[in-house]
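Asks: Chains as they are written, first to last, in the numbering used here: chain D, 227 to 635; chain Y, 29 to 233.
1. Quick one: Cα of residue 208 of chain Y to Cα of residue 137 of chain Y, how far?
2. With a cut-off of 7 Å, does the C-beta of residue 94 of chain Y fall near any C-beta of chain D?
3. Strictly under 7 Å for the Cβ-Cβ distance: is residue 184 of chain Y near chain D by that measure?
4. Which parts of the region 284-347 of chain D are runs of the alpha helix (DSSP H), unbroken and 4 residues or longer, counting only runs that do not cross its ends?
5. For chain D, check one thing: does any of its Cβ atoms lie closer than 7 Å to the Cβ of residue 233 of chain Y?
6. Residues in the same chain with beta-carbon distance under 7 Å from residue 538 of chain D, minus the five sequence neighbours each way, listed in chain order, please.
7. Where DSSP assigns a beta bridge to residue 597 of chain D, which residues make up the other side?
8. For residue 183 of chain Y, which of helix, strand or coil comes out of DSSP?
9. Beta carbons nearer than 7 Å to chain D: which residues of the region 73-98 of chain Y have them?
10. What are the boundary residues of the beta strand (DSSP E) that includes residue 136 of chain Y?
11. Just the C-alpha distance for residue 218 of chain Y and residue 529 of chain D, rounded to the nearest angstrom, thanks.
12. Enumerated in chain order, which unbroken segments of the beta strand (DSSP E) with a length of 3 residues or greater are wholly contained in the region 525-612 of chain D?
13. Please go through the same chain and pick out, in chain order, the residues whose beta-carbon is closer than 7 Å to the beta-carbon of residue 588 of chain D, but skip the five residues on each side of it.
14. Measuring straight from C-alpha to C-alpha, what distance separates residue 452 of chain D and residue 118 of chain Y?
15. Looking at residue 70 of chain Y and residue 140 of chain Y, is the spacing between their C-beta atoms short of 7 Å?
16. Given a threshold of 16 other Cβ atoms within 10 Å of its Cβ, counted over all protein chains shown, does residue 595 of chain D qualify as buried or as exposed?
17. Got a sec: is the Cβ-Cβ distance from residue 235 of chain D to anything in chain Y below 7 Å?
18. When the Cβ atoms of the region 303-316 of chain D are set against those of the region 351-359 of chain D, are three or more pairs found closer than 8 Å?
19. Would you mind working out which of D:580, D:454, D:429, D:555 sits nearest residue 478 of chain D, comparing C-alpha positions?
20. Cβ of residue 148 of chain Y less than 7 Å from any chain D Cβ?
21. Residue 143 of chain Y touches chain D at which residues, Cβ-Cβ below 7 Å?
22. By the criterion of Cβ-Cβ separation under 7 Å, what are the contact partners of residue 101 of chain Y in chain D?
23. Could you spell out where the beta strand (DSSP E) holding residue 358 of chain D opens and where it closes?
24. Of all Cβ atoms in chain Y, is any one closer than 7 Å to the Cβ of residue 557 of chain D?
25. Put residue 61 of chain Y into one of helix, strand or coil per three-state DSSP.
26. Check whether chain D comes within 7 Å of residue 196 of chain Y, counting only Cβ atoms and requiring the distance to be less than that.
27. Apart from the five residues just before and just after residue 53 of chain Y, which ones in its own chain have a Cβ nearer than 7 Å to its Cβ?
28. Taking 7 Å as the CB-CB limit, is residue 570 of chain D close to chain Y?
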């Protein structure tokens, strides 16, 4: 009798182990899928994305904005901030030697330069609306700075300074960056802020200081950076904190640049560590996502190419900081692991040449990232930038030194 | 490392919950539940957890998950188990193997080698905290020995756990009540440790 009771107790204990481990495995410890990623696949992915932009660029320099693969239809609409973002991303691709990227980006720049709003000594990119956004000019400026650094061409220096003056005019004493300039009233829209434009302006001005170190762009840049690190989320009411890939780009310039930057403050380092934490959990969560049942029920559908790409960009920027600041160096390997995981997922999810054959319009499908049969040009932009940033991580991890640098034009 | 070693030690001790072993031993109703038997059982069950910690990195890698995610899983299970230990019925000694074999059942299994502690051990091993698991198990052995070795002896053959607890008369009843409170306190600690582990896992890179 006692033996049976003891045996039953032991059996129940064993069953509890099996049940708990099985439940945890099914609900929490889902496999994290990080597809293989190497220099060759990265190069192919970048080339395919660049080719998508080249094939889908209009005569005026704009690109196909949104495409519905299921209906084989172009979805109307355009976004100038994303136009500037694509231009910038293509300059990044040109800097790592992607064929066709520079020409396509230059055509995008030509469109932007043809649609500048000028006022009070500054210039801003806006082709049609009274809402002259800070973001479009910031990303255009960042792209031009990337172009200048990669090619040495100083042909856009004047317009760069005009754009930078606009960004400074839109920056408040606190470091907050106003969302837009209202052309109708001739004033900035004080009190209205974008979750992204502040970081974009920060990054663009850091690059301006790198290009023109004697012109004083570092002061407004650091003011914005400090605001991002210490005030923005509270002042603008963001909880949880915004994972800001643009801020990561900017702080990477501050940490690694040659502009004689003051060291990052402790507050900024703490902010960057929090940002890394936000990026890390996003990567792990996304890597558990599979679009088939029952996994999507537990984790949701896979995110947009743009969504995953921005996570990769954020991690890429933070990873660069860890190579220059001893206070963050302990996070370097983990960030590289996550950044390479993001890039692997992106490459795995990109429509390949074979995958595009069955599409109604292979030219619009190949090289793109789709969600629910829709792709938008910023899907390609952010995904491509994330893959480009991950190249440097591969170089360090696998000793492929020179693969990237040798191809810089 | 995702979490500190001290948090791992706390999580192991709270997950194993030596006060629960002491309380069960106090209410065993026989005189042969000595401190030695309970300590041996705790060491035996604890060795299972140490083995899981040693193999933690391989287990986690085999499951294709990262150490931070393992902490999230371990933390959540520890929260639930801790909550149950805080408010649910506390385990009794019986049914148990007779004599010193009681070290195996019920001490090692199911009182010490519990799934929530096992998950903590796996995550800790994957995160480079094997020494902390070993230290936590060592503390549990000492605490079980202290709990059963110094206070008044077993309540006696005629006293069932319920009777001792309900009667509340005498040193044995008082010691058992104290052990019960400690066990529930350890449950609350497990909840806190589990939350800390899960949050650390979520916010790890």
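For glycine and all other residues, C-beta sits at the position ideal for the given N, C-alpha and C.
Replies: Result, derived from the coordinates:
1. Answer to the nearest angstrom: the Cα atoms are 19 Å apart.
2. Yes, because at least one Cβ of chain D sits closer than 7 Å to the Cβ of residue 94 of chain Y.
3. Residue placement at residue 184 of chain Y is flagged as unreliable, the pLDDT there being 42, under the threshold of 50; a coordinate-derived value is accordingly withheld.
4. Every unbroken stretch of the alpha helix (DSSP H) spanning 4 or more residues and falling wholly within the region 284-347 of chain D is given here in chain order: 306-321, 327-339.
5. The beta-carbon of residue 233 of chain Y is placed less than 7 Å from the nearest beta-carbon of chain D.
6. Answer for residue 538 of chain D: 565, 568, 569, 572, 612, 615, 616, listed in chain order.
7. In DSSP, residue 597 of chain D forms a bridge with D:600.
8. At residue 183 of chain Y the pLDDT is 44, less than 50, meaning the model places this residue with poor confidence and gives no usable figure here.
9. Hits within the stretch, in order: 91, 92, 93, 94, 96, 97, 98.
10. Per DSSP, residue 136 of chain Y belongs to no beta strand (DSSP E) and is neither H nor E.
11. In this structure, the CA atom of residue 218 of chain Y is about 35 Å from the CA atom of residue 529 of chain D.
12. Runs found: 600-602.
13. Cβ within range, chain order: 582.
14. Roughly 53 Å between the two C-alpha positions.
15. Contact: yes.
16. In this structure residue 595 of chain D is buried. Its beta-carbon is surrounded by 16 or more other beta-carbon atoms within 10 angstroms.
17. At least one CB atom of chain Y sits nearer than 7 Å to the CB of residue 235 of chain D.
18. Counting C-beta pairs with one atom in each stretch, the region 303-316 of chain D and the region 351-359 of chain D have three or more that are closer than 8 Å, which means they touch.
19. Of D:580, D:454, D:429, D:555, the residue nearest in Cα terms is D:429.
20. Look at residue 148 of chain Y: its C-beta is not under 7 Å from any C-beta on chain D.
21. Listed along chain D are 242, 243, 246, 247, each with a C-beta nearer than 7 Å to that of residue 143 of chain Y.
22. Under the 7 Å cutoff, chain D gives 250, 254, 255.
23. Looking at the DSSP string, the run of the beta strand (DSSP E) that includes residue 358 of chain D is 357-359.
24. Chain Y, which has a Cβ nearer than 7 Å to the Cβ of residue 557 of chain D, makes this yes.
25. If DSSP states are grouped into helix, strand and coil, residue 61 of chain Y belongs with coil.
26. Confidence at residue 196 of chain Y is low in this model, with a pLDDT of 48, below 50, so its placement is unreliable and the value that follows should be read with caution. The beta carbon of residue 196 of chain Y sits no closer than 7 Å to any beta carbon of chain D.
27. Cβ within range, chain order: 61, 66, 121, 176.
28. No, residue 570 of chain D does not count as interfacial toward chain Y.
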